[in-house]
Amino acid sequence: MIELAAKALTDHFSRAWDMMLEAANHFPENHWYDAPDERLQPARIVYHVLMGSDRYTWLGPADDYLAKRQFSLDWMKAPVQEFPCKKDAIRHLEEAKTRTLGWIQHFGPSGLINEKPHWPWTGSCALAQGLYHLRHLQHHLAELAVELRRRGLPAVAWK
Numbered sequence: 000m001i002e003l004a005a006k007a008l009t010d011h012f013s014r015a016w017d018m019m020l021e022a023a024n025h026f027p028e029n030h031w032y033d034a035p036d037e038r039l040q041p042a043r044i045v046y047h048v049l050m051g052s053d054r055y056t057w058l059g060p061a062d063d064y065l066a067k068r069q070f071s072l073d074w075m076k077a078p079v080q081e082f083p084c085k086k087d088a089i090r091h092l093e094e095a096k097t098r099t100l101g102w103i104q105h106f107g108p109s110g111l112i113n114e115k116p117h118w119p120w121t122g123s124c125a126l127a128q129g130l131y132h133l134r135h136l137q138h139h140l141a142e143l144a145v146e147l148r149r150r151g152l153p154a155v156a157w158k
């Protein structure tokens with residue numbers, strides 16, 4: 000049964016990451032750093048997604064994360080121009096997808112249930128941390144989807 004759960008987690012993450020990549024691609028360059036509310040700037044949202052994914056797929060000791068993390072800007076306070084350009088952000092999103100699927104494979108079905116999470120607020124096991132990560136990804140994907148619609152840009156296809 001747990002093998003099916005691991006397979007489902009992989010499948011749903013893969014689809015959510017594909018939708019995130021599509022959403023990012025639908026923003027023209029002149030929209031990437033722009034929004035009436037700075038919390039809704041596509042570059043800022045995508046950077047926050049990358050930060051979260053970097054954290055929730057971290058395999059090293061939890062105590063080492065802050066010193067070794069890939070994304071260290073304060074996503075709420077940093078000037079938007081400091082975030083990656085659209086091309087670089089999309090490359091990072093592709094890497095995050097690969098890292099996420101590798102994280103699931105690293106634990107395997109039994110590890111997802113039996114291993115403790117790095118981040119206790121995510122739940123009681125690695126599977127719970129994975130589900131927390133998936134919810135975080137989907138939450139911010141929804142923000143981008145609403146921004147695309149508000150701007151009259153192409154919607155993201157459901158996968």
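Going by numbering that gives the first Met the number 0, 103 is the number at position 104 of the sequence shown; the sequence numbering is gapless. Note that the Cβ used here is the ideal one computed from N, Cα and C, for glycine as well.
Between the CA atoms of residue j and residue i - distance to the nearest angstrom
i: R98; j: R14; result: 14 Å
i: A22; j: L147; result: 8 Å
i: P60; j: G51; result: 16 Å
i: A38; j: I112; result: The sequence shown places Arg at residue 38, rather than the Ala named in the question. When rounded, the distance between both Cα atoms is 35 Å.
i: R149; j: C124; result: 38 Å
Whole-angstrom C-beta distance between residue j and residue i, which should lie under 8 Å
i: W16; j: K96; result: 4 Å
i: F12; j: L133; result: 6 Å
i: V48; j: L136; result: 6 Å
i: A42; j: A88; result: 7 Å
Neighbourhood of residue i by C-beta distance below 8 Å, restricted to the same chain and skipping five residues each side
i: Q128; result: Y55, P116, H117, W118, T121, G122
CB contact flag (residue i, residue j, <7 Å)
i: P153; j: H25; result: yes
i: L143; j: M18; result: no
i: K85; j: E28; result: yes
i: Q40; j: Y46; result: no
i: T9; j: L130; result: no
i: E94; j: F106; result: no
Which of helix, strand or coil DSSP assigns to residue i
i: W157; result: coil
i: E114; result: coil
i: Q40; result: coil
i: Y131; result: helix
i: T97; result: helix
i: S71; result: coil
i: L3; result: helix
i: K85; result: helix
i: R150; result: coil
i: P108; result: helix
i: F12; result: helix
Chain-order list of residues whose beta-carbon lies under 6 Å from that of residue i (same chain, five-residue window excluded)
i: W102; result: T56
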